[in-house]
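Novice: In the working numbering, the protein residues as written are 82 to 204.
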Amino acid sequence: MSTPKKVIMIGWHPDALDYSKWPDLTPAKLYAVLEADRDRLKALGYDAELCYIHSEASAQADTAQALATKPDCVSIGAGVRTDPDHFLLFEKLVNVVHQAAPQAAICFNTNAHDLADAVRRWV
């Protein structure tokens, strides 16, 4: 049996977000979506883990710690990637991934339900 491909899913901890930008989203809904993505990847045979960002100050260290597991693929969530207020954090995290896990592919989902497709494009 081969070793499952390791996937790290980087994103904001649901309790760390300002939901005023996303009035239809709640911490419970976000937890459900993130856990469903992780569980779907696991069902497909991946070793998937969530890497929660708790603050901008701790984001790089939190991410570097998760990347120590030598993932095959890393996704950076839309809450970091698509929010202009977090552009510089996104840039920093891309570089943390590049430096700490150069072997890892980086993937991006297009909506809340297609992370598995993004991962499968690369690993």
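No residue lacks a Cβ here, since even glycine has one placed at the ideal position from N, Cα and C.
Just so it is clear, the structure is predicted and the values come from calculations on it, not from any experiment.
1) What residue range does the beta strand (DSSP E) around G92 cover?
2) Go ahead and label K102 buried or exposed: buried means 16 or more other beta carbons lie within 10 angstroms of its beta carbon, across all protein chains shown.
3) Tell me which residue opens and which closes the beta strand (DSSP E) that D129 is part of.
4) Secondary structure at A182, three-state DSSP: helix, strand or coil?
5) Apart from the five residues on each side of it in sequence, which residues of its chain come closer than 6 angstroms, Cβ to Cβ, to N190?
6) Which same chain residues, not among the five before or five after Y112, have their C-beta less than 7 angstroms away from its C-beta?
7) Can you check whether the C-beta of A109 is within less than 8 angstroms of a C-beta belonging to chain D?
8) May I ask which residues mark the beginning and end of the beta strand (DSSP E) holding V155?
9) By Cβ distance below 7 angstroms, which residues in the same chain neighbour A185 in space, the five residues on each side in sequence not counted?
10) Spatial neighbours of I157 within its chain, please: C-beta separation below 6 angstroms, excluding the five flanking residues on both sides.
Specialist: In short, the structure shows the following:
1) Residues 87-93.
2) Result: exposed.
3) According to the sequence provided, residue 129 is Ala. The question's Asp does not apply to it. It spans 128-134 - the beta strand (DSSP E) in which A129 sits, taken as one unbroken run.
4) Three-state DSSP puts A182 in coil, outside helix and strand.
5) Contacts found: L196, A199.
6) The beta carbon of Y112 is closer than 7 angstroms to those of P95 in its chain, skipping five residues each way along the sequence.
7) You won't find chain D in this structure, because it holds only one protein chain.
8) Segment 154-157, the beta strand (DSSP E) holding V155.
9) Closer than 7 angstroms at the Cβ level, and outside the excluded window around A185, lie P152, D153, C154, V155, V178.
10) Counting only Cβ-Cβ distances below 6 angstroms, and skipping sequence neighbours, we find I91, L174.
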